[in-house]
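Student:
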Amino acid sequence: MVNKKDFTPFDLRRYPIVPLIGVGVLLIRNNSLLLVKRKFNPDAGYWSIPGGHLDLGERVQVAAERE
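Put into structure tokens, the structure is as follows:
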């Protein structure tokens with residue numbers, strides 16, 4: 003079994019100890035797509051659809067509305 007203390011911060015970013023679930027939202031209104039400019043890494047400064055990770059026990063629809 004792998005011990006968490008054996009991982010470097012880089013390893014934890016690439017290989018999280020627990021599974022992560024993400025949500026993304028495609029919002030189209032008046033023939034336009036909503037995009038956001040990413041503020042944080044990875045990909046800071048790039049355009050993306052709104053999205054993020056689900057919190058433990060959070061419903062997908064609630065996370066999508068939050069994002």
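Heads up: the sequence shown begins at 3 in this note's numbering, then just goes up one per residue.
We treat Cβ as the ideally placed atom computed from N, Cα and C, and that holds for glycine.
List the whole-angstrom C-beta distance separating P52 from V38, where the pair is believed to meet the contact cut-off of C-beta under 8 Å.
Tutor: 5 Å between Cβ atoms; contact.
Student: Quick test of your reading: V27 and E69, contact by CB under 8 Å. State the CB separation rounded to the nearest angstrom.
Tutor: About 6 Å separates the two Cβ atoms, so the contact holds.
Student: Are L56 and I23 close, meaning C-beta to C-beta below 8 Å?
Tutor: Taking 8 Å as the Cβ cut-off, L56 and I23 qualify as a contacting pair.
Student: Sort out for me which residues DSSP pairs K39 with in a bridge.
Tutor: In the DSSP output, where bridge partners are listed per residue, K39 has W49.
Student: Is L37 near the ligand COA - that is, is its Cβ less than 7 Å away from at least one heavy atom of it?
Tutor: What this structure holds is no ligand at all, so the ligand COA is not there to describe.
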